[in-house]
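When you read off a place in the sequence shown, starting at 1, and then add 753, the result is the number in this note's numbering.
No residue lacks a Cβ here, since even glycine has one placed at the ideal position from N, Cα and C.
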Amino acid sequence: MLRIPPAPIGALALLIAYLAVPWGAAPAIAQESADRNGSAAAPQQERGFVMLGVQRVDVGGLNDRLAATGYPAFPSSVITVGGGGMGVHGGFLIGGEGHGLLGPEESTADGAFRTRLGGGYGMFTVGRDLFPGRPGSLYPQVGVGGGAMTLRIDERSTPTFEDLLENPRRSVEISRVSFLLMGALGGDYLLGVGSAGPDGAGVAVGVRVGYMAALGQRSWSSEVGSVAGGPDLSPTGPFIRFQVGAGARP
């Protein structure tokens, strides 16, 4: 079973996407102004995507600690689901995106406990379109942002009311926030739709490969405060994503 990342991470992704809207709209506003003034403008594009992919995460330190206390290890790959947008002007791509990391759910050998791994992140991105003004694009891209990985442990037994009074903490969720840097190479192609053709609106499809690195990490934390002595863990590693969405060229 996959687990959707916690609400704060989803909120961060939404915030990144919201803040990216003015950047994506800027080229269209500039084009409208240029049209009113009768002046020429550089080719511009706007694109928005939903993305699905796979990312490797370094869970070696976490798995060592889990194994030492009888918990099962997690695999090193997670599914990523997200979206974003960008505006293209003068060959530069400026925007933002957010992704959830859908990790696995595991159970201890005796079935007494269930563990879940998840997370997510949001980023501001800047890239350079190597073929501006064409239906196809190839672009190197960098991004900066933040994210977190979350570990949840649930006791699977059915407690009595008295059990809950004696030990109300039947589950625990801890997370670790990281500051992130991304480097990627992406490519997409704008398919013309209807009478607009290749010079208008269309469906944009593409792929992106890259690597996520951590610039720094905060300590582990839970709902009651900081947690000392935890292993290194952040949403870092190589990834590949497939993307589909909408785009437009003037």
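Item: Based on the DSSP output, what are the partners of residue 913 in its beta bridges?; Value: Note: residue 913 sits in no beta bridge, so no partner.
Item: For residue 992 versus residue 833, is the C-beta distance shorter than 8 Å?; Value: yes
Item: Could you tell me whether the Cβ atoms of residue 901 and residue 931 are closer together than 8 Å?; Value: yes
Item: Indicate whether at least one CB of chain B lies closer than 8 Å to the CB of residue 995.; Value: Included in the structure is just one protein chain, with no chain B present.
Item: Can the beta-carbon of residue 970 be found closer than 8 Å to that of residue 909?; Value: no
Item: Closest to residue 980 by C-alpha separation, out of 813, 903, 888, 840, would be which residue?; Value: 903
Item: If you pair each beta-carbon of the region 851-858 with each one of the region 872-886, do three or more pairs fall below 8 Å?; Value: yes
Item: Among 880, 942, 913, whose alpha-carbon lies nearest the alpha-carbon of residue 887?; Value: 942
Item: Taking Cβ to Cβ, would you say residue 801 is nearer than 8 Å to residue 998?; Value: yes
Item: May I ask you to report which of helix, strand or coil DSSP gives residue 883?; Value: coil
Item: Who are the near neighbours of residue 959 in its chain, counting only those whose CB is closer than 7 Å to its CB and skipping five residues on each side?; Value: 939, 940, 941, 942, 996
Item: Can you tell me where the beta strand (DSSP E) holding residue 907 begins and where it ends?; Value: 889-908
Item: Would you mind giving the Cβ-Cβ distance between residue 1019 and residue 839, rounded to the nearest angstrom? I have them listed as a contact below 8 Å.; Value: Not covered by the structure: residue 1019. The range shown for the chain is 754 to 1003.
Item: When the Cα of residue 810 is compared with those of 976, 966, 862, which residue comes out closest?; Value: 966
Item: Of all the beta strand (DSSP E) runs that stay within the bounds of the region 785-858, which reach a length of 3 or more residues?; Value: 797-809, 830-842
Item: Would residue 878 be called buried (16 or more neighbouring beta carbons within 10 Å of its own) or exposed?; Value: buried
Item: Hey, would you say residue 823 sits closer than 8 Å to residue 861, going by beta carbons?; Value: yes
Item: Throw me the rounded Cβ distance for the residue 975 and residue 927 pair, which I believe falls under 8 Å.; Value: 5 Å
Item: By the 10 Å Cβ neighbour count, where 16 or more other Cβ atoms means buried, how is residue 865 classified, buried or exposed?; Value: exposed
Item: By DSSP, does residue 986 sit in helix, in strand, or in coil?; Value: coil
Item: What is the residue span of the beta strand (DSSP E) that residue 977 lies within?; Value: Residue 977 -> no beta strand (DSSP E), and no H or E assigned at all.
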